[in-house]
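One structure is given here, and the rest of the page talks about it.
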Amino acid sequence: MAAGIGTPWTDQRAVVAALEAGTPLMDAAPFEGRSRFEIMPGGIVGWWLDGRLTADLTLRHVMDDTVSIQFVQTGGGRRRITAHGTERHGGGTLYIGLFPAGSRQIRRWRAGRPIRYAAFWVPPAHAAAVLFPDRTGRLPAFTDLLNGGLEAPFGLSVAMTPAMHAVMDALIDGPPRPQALARAYESLKLQELMIEAAGVMA
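Oh and the sequence shown: position 12 is 309 in the numbering used here, straight run, nothing missing.
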């Protein structure tokens with residue numbers, strides 16, 4: 298089975314292998330817009346999407362032990378500048394999921410709906426050492442994931458903060474840059490989003 302976004306029950310390791318081989322991941326998806334996928338320091342897989350679907354899409358992945366962090370600017374998360382300031386439309390939600398090996402991550406999106414989305418798969422040890430070093434013991438499910446004792450996926454969600462929205466907007470709506478500079482900038486913004494996510498564990 299080919300590795301690609303939209304491929305049913307894709308193994309997480311197959312997605313990582315495809316990234317390492319430089320295989321485009323959006324070719325199998327009914328998606329129009331911009332996307333970026335990359336392997337970041339610490340074995341993190343990060344990506345962002347900005348566009349729309351031409352058909353319903355369900356993402357299914359069989360996971361390794363993973364901390365999943367997702368920022369979803371629903372309804373497009375668009376801004377409108379008025380005489381009174383900047384208005385935001387669409388809200389937005391941060392999702393943090395803990396997945397033991399062999400569990401399945403499933404995400405469903407509807408055709409025609411704008412997608413502004415950034416996400417990460419983070420190895421648990423890296424999350425404990427770098428993202429949440431002072432907070433590991435405050436979430437028992439995270440401790441269970443680190444110890445190999447998490448039996449089923451665990452998730453929580455919170456509204457995106459203004460700071461999260463600001464980083465997302467800079468990531469997605471920034472001016473065009475030369476390719477090498479763009480990649481470095483996007484990697485930096487993805488790391489900023491993870492820092493913001495760590496704040497919700499306080």
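Beta carbons: idealized from backbone N, C-alpha and C, even for Gly.
- Residues Leu316, Leu322, Trp344 of the same chain have their beta carbon placed closer than 7 Å to that of Phe334, with the five preceding and five following residues left out of the count.
- Within 10 angstroms of the beta-carbon of Thr307 lie 16 or more other beta-carbons, which makes it buried.
- In the three-state reduction of the DSSP assignment, Met491 falls in the helix class, which pools H, G and I.
- Bounds of the beta strand (DSSP E) holding Phe368 are 363-369.
- A residue is called buried once 16 or more other Cβ atoms fall within 10 Å of its Cβ, and Thr351, having fewer, is exposed.
- Here Glu483 is buried. Its C-beta has 16 or more other C-beta atoms within 10 Å.
- By the CB criterion at 8 Å, Pro430 and Leu395 fall outside the cutoff.
- Scanning the region 457-484 for uninterrupted beta strand (DSSP E) segments of 3 residues or longer gives nothing; none is fully contained.
- Looking at Met360, Thr320, Ala463, Arg331, the one whose alpha-carbon comes closest to that of Pro420 is Met360.
- If you look at Glu317, you'll find it in the alpha helix (DSSP H) that goes 309-317.
- Here DSSP, grouped into helix, strand and coil, assigns Leu322 to coil.
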